Structure formats: C-alpha cells, structure tokens
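Report on the structure given below.
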Ligand code: NCC
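In the working numbering, the protein residues as written are 3 to 278.
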C-alpha cells in the first residue's frame, strides 16, 4: 500500500467519507412511525456553521491536564459516550455541543442512558457497527445492538433535544481509507467513536482541535479520565482499529509535535478548508 501525502489523505477523507444522518426519506425509515421520531431539521441546520471546534477523547491522560478553559474556548465541543463534565471541568471543560454515543451504551446501559442528566445536554448522535458495506436495509434488519426502541423511547421523553442516527455507510468508507493507508492488514471492525467523531467535526467546522486522542506526556494505562479502571487496550485498541486511526491522525496533523506532547492536541482543517 502506497502511503499518501497528508494533503492527498485529507482529500480522500473529504471526498470519500459521506457524513450523513438518517433522515425520514431513507430506506426503512420512510414510515410515518419513524417520521415522528427522527428530528425534523438536519444536523447542519441545527448546528449552523461552526468555526473552531474541539473533540475531547475520554482518555485517562486528560486527568490533571488543566485543558478545561482551552476546550471551552471553542465554538463547539464534541464528547463521547458517558464521559462526564461535572466534577471534571478543570481538565475537560463544561461545554457539550454534541455527544456521540455507541449503540451498545444506548441498549446495554439503557437504564442510565434514559435517566442520567448527562445525556440531556447538547445534540446526541448514536452509531451502530454495521456489516461491511452493508446496505441500510440489511443493517436495519440486523444491527449490532438493537437500539431502535431505546432511541424512540428517548425521543418521546426528550422531544426537544436533537438526536440523530449516524448513517452507517460512513464507518466503512472511513475504514477503507484506514486500510489503504496501513501496511498491515486491519481487522474489519468499524472505527472507534473517537475517529468517527473527528471526521464528523471536520465536516461541520472550519478547524478542529482534538484532545488526548494522540496521547501526551500524561499517557497512562488508566482507561478513562473519569474512572480508575486500567487497560492498555483503551489507548491502543482491541476491537477498534485504534492504532491505525491514531497513525492516520498523526499523519494529517497540522499542529506541532510539541502540542501533542504537552497538550495531547492535534489540529485538523475542516473539509471546507481542504482544497484538492
Ligand atoms: O471508551 P470510549 O470508547 O467511550 O472512549 C471514547 C473514545 O475516546 C478514545 N479513547 C478512549 C480511551 C483511551 N484511553 N484512549 C482513547 O483514545 C477512543 O477514540 C474512543 O473511541 C467507543 O469507541 O465507543 C468506546 O466505547 C466504550 C464503551 O462502549 C462506552 O464507553 C460506553 O460504556 C468501549 N468499551 C467497552 O465496550 C468496554 C470502547 O471499547 C470503545
């Protein structure tokens, strides 16, 4: 596999990864039942045009980072799954514009998902691992986790909160680019929420700063900044091709290595600012 230059790679990401949310016109969702649950406005309409954006990984290395103020200075902040802000503002900030959650959380942790106030802030997006390049109907028949009922339930109790379903085609378009740019064979598992969130923000924002996706000098085996649990696989990857994702992000980073080392910070252009 021939490695592309950072510029070529950015163009590939811009042109081949289609970031869209499920809409009422899409395949099996074009029923009156789904019409009433899916948000009326598109994600673009809901967020408007965003300038500087931050993506906050959930890594343990955010602990004692004091990055909170810097993170909150962005126009929009994306967080993942159950990553809290309460009690951790000093390190991760308090602003949440978008929260990207996986379908496992929405189903397996349904009770918490439906009741914890953490999820009531900002825009929610849920994604589910789909079979490789599966057509949307096929995925709908056998999602990895059947989160659809839980989604509808949440929508009924929080009708005013925008809550989108990520179109599953994106994950494999992105995975193909990861594979093409890696020398090793990658297991065909979808990218992590982290990598998906980075590309979502690149479509919405002029500039994206990613925190502690590429670990800083604070790198630790502690999985999350909000838990004591230790597992190196959280940072290196087991199911998700996390190491390959991180190599790719390192390759397209427009910031300095110093920024990575001290702040775990990567700077990426929004696709609007990528000229091919
Ligand atoms: O842990 P998780 O990820 O919620 O983390 C969000 C994203 O942050 C980046 N990360 C996290 C920890 C770390 N030490 N280094 C990192 O770089 C990754 O990019 C990660 O995607 C997920 O991707 O959805 C994941 O979700 C958890 C779990 O399902 C949720 O937290 C909900 O409880 C998965 N863990 C388990 O299933 C046990 C994790 O594998 C992937």
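Ideal Cβ placement from N, Cα and C applies to all residues, glycine included.
This one's a predicted model, so the numbers in the text were calculated from it and none came from an experiment.
Checklist entry - Taking the alpha-carbon positions, what's the residue 150 to residue 34 distance? => result Position 148 of the chain shown, counted from the first residue, corresponds to residue 150. Position 32 of the chain shown, counted from the first residue, corresponds to residue 34. One C-alpha to the other measures close to 15 Å.
Item to check | Cα-Cα separation between residue 246 and residue 257, rounded to whole angstroms | outcome: Position 244 of the chain shown, counting from 1, holds the residue named residue 246. Position 255 of the chain shown, counting from 1, holds the residue named residue 257. Going from the Cα of residue 246 to the Cα of residue 257 covers about 19 Å.
Next on the checklist: Nearest by alpha-carbon distance to residue 199: which of 188, 251 and 75 is it?
Outcome noted: For the purposes of this step, residue 199 is taken as the residue at position 197 of the chain shown. The shortest Cα separation from residue 199 among 188, 251 and 75 belongs to 251.
Checklist entry - With 16 other CB atoms within 10 Å as the buried threshold, where does residue 27 fall? => result Locating residue 27 in the chain shown gives position 25, counting from the first residue. By the neighbour-count rule (16 or more Cβ atoms within 10 Å), residue 27 is not buried but exposed.
Next on the checklist: For residue 175 and residue 190, I'd like the C-alpha separation in whole angstroms.
Outcome noted: As a first step, residue 175 must be located in the chain shown, where it is residue number 173. As a first step, residue 190 must be located in the chain shown, where it is residue number 188. When rounded, the distance between both Cα atoms is 12 Å.
Item to check | residue 29 - DSSP class collapsed to helix/strand/coil | outcome: Residue mapping note: residue 29 aligns to position 27 of the chain shown, counting from 1. Looking at residue 29 - three-state DSSP - the assignment turns out to be helix.
Item to check | Residue from 155, 72, 118 and 192 with nearest C-alpha to residue 40 | outcome: The residue labelled residue 40 in the question sits at position 38 within the chain shown. Relative to residue 40, the option among 155, 72, 118 and 192 whose CA is nearest is 155.
Checklist entry - Under 7 Å, do residue 128 and residue 103 count as touching if we go by C-beta distance? => result Taking the chain shown and counting its residues from 1, the one referred to as residue 128 is at position 126. Taking the chain shown and counting its residues from 1, the one referred to as residue 103 is at position 101. Contact: yes.
Next on the checklist: What does the alpha-carbon distance come out to for the pair residue 53 and residue 21?
Outcome noted: Locating residue 53 in the chain shown gives position 51, counting from the first residue. Locating residue 21 in the chain shown gives position 19, counting from the first residue. In a straight line, the C-alpha of residue 53 is about 18 Å away from that of residue 21.
Item to check | Whether residue 173 touches residue 192 by CB criterion (7 Å) | outcome: Mapped onto the chain shown, residue 173 falls at position 171. Mapped onto the chain shown, residue 192 falls at position 190. Yes. Within cutoff.
Checklist entry - Which class does residue 222 belong to by DSSP, given the choice of helix, strand or coil? => result Position 220 of the chain shown holds residue 222. Coil, per DSSP.
Checklist entry - Where do the ends of the beta strand (DSSP E) carrying residue 53 lie? => result Translated into positions along the chain shown, residue 53 becomes position 51. Membership of residue 53 in the beta strand (DSSP E) is indicated by the continuous run 52-58.
Next on the checklist: Please give the ranges of any alpha helix (DSSP H) in the region 95-133, keeping only runs that are unbroken, at least 4 residues long and fully inside the region.
Outcome noted: 105-110 and 112-117
Checklist entry - What is the DSSP secondary structure of residue 209, counted as helix, strand or coil? => result Working through the chain shown from its first residue, we reach residue 209 at position 207. Note: residue 209 maps to strand in three-state DSSP.
Checklist entry - Is it the case that the CB of residue 196 approaches a heavy atom of the ligand NCC more closely than 6 Å? => result For the purposes of this step, residue 196 is identified with residue 194 of the chain shown, where counting begins at 1. Yes; taking the cut-off as 6 Å, the Cβ of residue 196 has a heavy atom of the ligand NCC nearer than that.
Checklist entry - What three-state label does DSSP hand residue 267 in the structure shown? => result For the purposes of this step, residue 267 is taken as residue 265 along the chain shown, with counting starting at 1. In the structure shown, residue 267 sits in a strand (DSSP, three-state: E or B).
Next on the checklist: Suppose contacts are defined by Cβ-Cβ distances below 7 Å. Is residue 86 in contact with residue 120 by that definition?
Outcome noted: Along the chain shown, read from residue 1 onward, the residue named residue 86 stands at position 84. Along the chain shown, read from residue 1 onward, the residue named residue 120 stands at position 118. Contact flag set, yes.
Next on the checklist: Can you determine whether any heavy atom of the ligand NCC sits closer than 6 Å to the C-beta of residue 215, and answer yes or no?
Outcome noted: Taking the chain shown and counting its residues from 1, one reaches residue 215 at position 213. Residue 215 Cβ: within cutoff of the ligand NCC.
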